[in-house]
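See below for the structure under consideration.
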Amino acid sequence: MIIILHPDANKNDQEYQRLMEHLAALPAVRPRTHIEVGAKQTLTEIYLIGDTSSLDSKEIEGFEIVERVVRISQEYRVLGRHKGDTRPSHFEYNGVRFGQDSLQIFAGLCAVDTREHVEAMLRALRDHGQVCTRMGAYKPRTNPYSFQGHGKDCLPYVFESAGKYGIRVIAMEIVHDTNIEEIAEALRRSGDPTGVMLQIGTRNTQNFELLKCAGRQRRFPVLMKRGFGITLEESLNAAEYLASEGNRNVVFCLRGVKTNMGDPHRNLVDFAHIAAVKRLTRMPVCIDPSHAVGSRGRAPDGILDVLHATAQGIIAGANMVLADFHPHPAKALVDGPQALTIEELGPFLEDVAIAREAYEKRRRLYERAATEAGLRNAV
Ligand code: PEP
Ligand code: MN
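Numbering of the sequence shown is given in this note's numbering, commencing with residue 11 and proceeding in unit increments.
Right under this line is the structure:
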């Protein structure tokens with residue numbers, strides 16, 4: 011059960027104290043208050059944890075300070091979409107909007123290798139009007155002898171270049187809770203020239219202690235990858251760990267699932283789940299066509315498989331795209347074979363715009379159809 015208070019309800023109000031006393035006296039239920047400070051108003055929500063089945067929502071709605079009470083299902087309490095639940099499904103970070111209605115492109119390096127490659131990538135993004143990117147500093151590798159990423163050593167020049175080229179958000183994977191502090195420290199030392207979205211990789215989707223750490227901090231939003239060998243439900247529950255700790259600025263990323271049924275692609279592309287994730291939760295949905303397809307296979311129509319997959323995701327309403335690019339894929343230390351080149355950035359962005367326009371047209375088509383059906387039923 012979620013109790014939503016009137017905007018700007020104050021903790022010092024007598025009515026607030028009265029409500030909290032009432033809740034504290036309830037058996038087997040623990041209230042947890044969540045305060046969202048926005049530019050225009052402060053929103054207070056109280057989550058009742060425990061067995062709420064015998065509680066009377068009308069009685070709680072009787073408190074003047076309460077705007078409404080939402081009964082929620084057991085699953086995805088914070089991130090889920092519940093009946094009568096009108097809480098927003100977007101957030102803003104460093105001037106960039108992440109919502110179930112927007113689209114942001116994060117093209118960039120799978121792994122930071124050299125300063126020159128970072129610089130070349132970011133310059134190209136700036137030249138194409140982009141303000142987001144991906145840059146892997148900490149790389150979780152299947153093979154212990156593979157390049158593990160430059161770690162915190164590369165952060166100063168990555169952040170400095172990002173500032174220079176007007177990048178506002180960098181998606182960056184973390185593999186350990188100490189990485190969060192390292193990123194915060196490097197940002198501080200360089201004068202906060204950019205923002206970071208912490209990425210939880212598919213190998214860590216169920217690393218619950220890491221999720222709790224990323225969830226306890228509210229400074230950085232989190233990009234949560236779907237686990238490659240678990241059900242969608244299990245991955246959504248993992249995302250809920252972040253929110254249950256207090257950080258609900260979470261984007262959920264589909265990146266394919268591991269099975270030989272996906273051959274010859276690296277993973278079986280799972281972008282049909284975009285709609286399901288949006289229906290079940292309020293999270294914006296990202297797609298990672300690079301790690302899903304994992305190669306530069308090209309169809310007879312001349313279009314790369316990875317570009318077809320990107321378009322498929324966008325036409326189905328994806329809200330963010332994570333895509334591997336590299337100035338010299340042959341020299342990349344991680345995932346070179348799936349990377350797109352700088353020369354391909356322009357056509358890629360044009361293709362993205364075509365697919366997005368098609369999605370908007372589809373949305374309007376079904377909106378119109380629903381209105382006409384409604385009118386027919388009313389006659
Ligand atoms: C990545 O995005 O660099 C990555 C390692 O992805 P995933 O966790 O989906 O394999
Ligand atoms: Mn990769």
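Quick reminder that beta carbons are idealized off the backbone N, C-alpha and C, glycines included.
By the neighbour-count criterion, in which a residue is buried when 16 or more other Cβ atoms sit within 10 angstroms of its Cβ, Thr96 is exposed. For Leu317, the enclosing alpha helix (DSSP H) begins and ends at 315 to 325. C-alpha of Glu55 to C-alpha of Ser300: approximately 38 Å in a straight line.
Annotation note: the region 82 to 126 contains the following uninterrupted beta strand (DSSP E) runs of length 3 or greater, listed N- to C-terminal: 100 to 103, 106 to 109, 114 to 118.
Inclusion of Ile190 and Ala224 in the CB contact set at 8 Å is warranted, their separation being smaller than that value.
Approximately 6 Å separates the beta-carbon atoms of Ile297 and Val331; this is inside 8 Å, confirming the contact. Distance from the C-beta of Thr320 to the nearest heavy atom of the ligand PEP is not below 7 Å.
Setting aside the 5 residues that flank it on each side, Arg276 is surrounded in the same chain by Gly304, each with a C-beta closer than 6 Å to its C-beta; the list follows chain order. Between Leu58 and Glu250, the C-beta spacing is not below 8 Å. Under the DSSP assignment, His44 falls in the beta strand (DSSP E) whose first and last residues are 39 to 47.
Rounded to whole angstroms, Leu221 and Cys263 show a C-alpha spacing of 15 Å. Contact between the region 301 to 320 and the region 344 to 361 is present: three or more C-beta pairs spanning the two stretches fall below 8 Å. For Val79, the CB contacts under 6 Å within the same chain, skipping 5 residues up- and downstream, are Ile13, Ser67, Ile70, Glu71 in chain order. For His283, the CB stays at least 7 Å from every heavy atom of the ligand PEP. Fully contained in the region 138 to 205 are the following beta strand (DSSP E) runs of length 3 or more, in chain order: 142 to 144, 179 to 184.
In the DSSP annotation of this structure, Met234 is not part of any alpha helix (DSSP H); the continuous beta strand (DSSP E) holding it starts and ends at 232 to 235. A distance of 8 Å or more separates the beta carbons of Leu233 and Ser171.
Rounded to whole angstroms, the gap between the alpha carbons of Phe335 and Ser64 is 54 Å.
In the three-state scheme derived from DSSP, where H, G and I count as helix and E and B as strand, Ala342 is classed as coil.
Relative to the Cα of His338, the nearest Cα in the group Ala328, Gly327, Asn329, Leu350 belongs to Leu350. Annotated as distal: Tyr175 and Arg125, with beta-carbon spacing of 8 Å or more.
One thing to note: Pro150 has its Cβ within 8 Å of the Cβ of Val185. The region 243 to 261 makes no contact with the region 276 to 285; the number of CB pairs closer than 8 Å stays below 3. Within the DSSP secondary-structure output, Thr52 pairs in a beta bridge with Val47. The shortest C-alpha to C-alpha distance from Asn270 to any of Phe238, Leu252, Leu290 is the one to Phe238. As a beta-bridge residue in DSSP terms, Ala333 pairs with Ala117. Under the three-state reduction of DSSP, Phe218 is assigned to helix. If you draw a straight line from the Cα of Leu317 to the Cα of Gly146, it is about 21 Å long.
Around the beta carbon of Tyr376, fewer than 16 other beta carbons lie within 10 angstroms, which makes this residue exposed. Residue pairing by DSSP places Met207 opposite Ala181 in a beta bridge. Within the chosen limit of 7 Å, the ligand MN does not reach the beta carbon of His160 with any heavy atom.
Listed in chain order, the non-local C-beta contacts of His92 below 6 Å within the same chain comprise Val80, Ile82, local neighbours out to five positions each way being set aside.
Judged by DSSP in its simplified three-state form, Thr241 adopts coil rather than helix or strand. Here Leu29 really is in contact with Phe73; their C-beta atoms are around 5 Å apart, less than 8 Å. Ile13 has Ile56, Val79 as its beta-bridge partners, per DSSP.
Taking the CA atoms as reference points, Gly272 sits about 19 Å from Thr152.
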